[in-house]
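Asker: Just dropping this structure here.
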Amino acid sequence: MDLDKVAGELGDALKTLGLNVPEWGVQRVAPPFGLVPLPERVDFDNTYQRGRDVVPDWPLLVLLANPTKPETRRAIAEYAAGSGPKSVKAAVEEHTYTALTAVRVVWAEFDVVSYAGVDYLAGMFHLEISGEGE
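Going by the numbering used here, the first residue of the sequence shown is number -10, and it counts up by one from there.
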């Protein structure tokens, strides 16, 4: 599984929600935006030889400006919905991929985080991903 390609395709899924998805490491961003960091670990060879690799917890972030405003809380709730036009789960799981074979949004958590010196309300979505071994 090519992790850089997977990250790019996950970013493409977030873009279908109207989110800006900047290149990793960019300091100037326009909210609302999504970030696709690399996972902490990859489990290789889950099936015979190089048949399948698994990422048990790939984080995906959605960041919204004005973290203490009620409308921001309502907006992050739409992204965290299990379905609907702003649902990260639906967008990620329904997207067409070439770099992976299966993806599932398993859970989400929320916090106020700082990115490039600005505070945002963040929804961190945890994905389980598998793909062919390369």
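Glycine included, each C-beta is placed from N, C-alpha and C at the ideal position. Predicted model, so just to flag it, every value in this text is computed and none were measured.
Look at the Cβ atom of phenylalanine 22, then the Cβ atom of leucine 8, and state whether they are nearer than 8 Å.
Answerer: It is a contact, given that the beta carbons lie within the stated cut-off.
Asker: Kindly provide the ranges of any alpha helix (DSSP H) runs that are 4 or more residues long and lie completely inside the region 4 to 63, ordered along the chain.
Answerer: Fully enclosed alpha helix (DSSP H) runs of 4 or longer: not present.
Asker: Mapping DSSP to helix, strand and coil, what is leucine 116?
Answerer: Here leucine 116 sits in strand by DSSP.
Asker: In angstroms with no decimal places, state the Cα-to-Cα distance between proline 56 and valine 31.
Answerer: When rounded, the distance between both Cα atoms is 32 Å.
Asker: What does the alpha-carbon distance come out to for the pair leucine 110 and phenylalanine 99?
Answerer: Rounded to the nearest angstrom, the two C-alpha atoms are 7 Å apart.
Asker: Applying the 10 Å Cβ sphere with the 16-neighbour rule, what's the burial state of phenylalanine 33?
Answerer: Exposed: under 16 other Cβ atoms inside 10 Å.
Asker: Reducing DSSP to helix, strand and coil, say where alanine -4 ends up.
Answerer: Three-state DSSP puts alanine -4 in a helix.
Asker: Considering only the beta carbon of each residue, do valine 18 and alanine 105 sit closer than 8 Å?
Answerer: Yes, the Cβ-Cβ distance between valine 18 and alanine 105 is below 8 Å.
Asker: Which same chain residues end up closer than 8 Å to proline 48 when comparing Cβ atoms and leaving out the 5 residues on each side of it in sequence?
Answerer: The answer, listed in chain order, is Pro26, Pro28, Met113, Phe114, His115 and Leu116.
Asker: Quick one: give me the first and last residue of the beta strand (DSSP E) that alanine 91 is part of.
Answerer: 91 to 104 is the span of the beta strand (DSSP E), which, as asked, contains alanine 91.
Asker: By how many angstroms is the C-alpha of leucine 53 removed from the C-alpha of serine 72?
Answerer: Distance between the alpha carbons of serine 72 and leucine 53 is about 19 Å.
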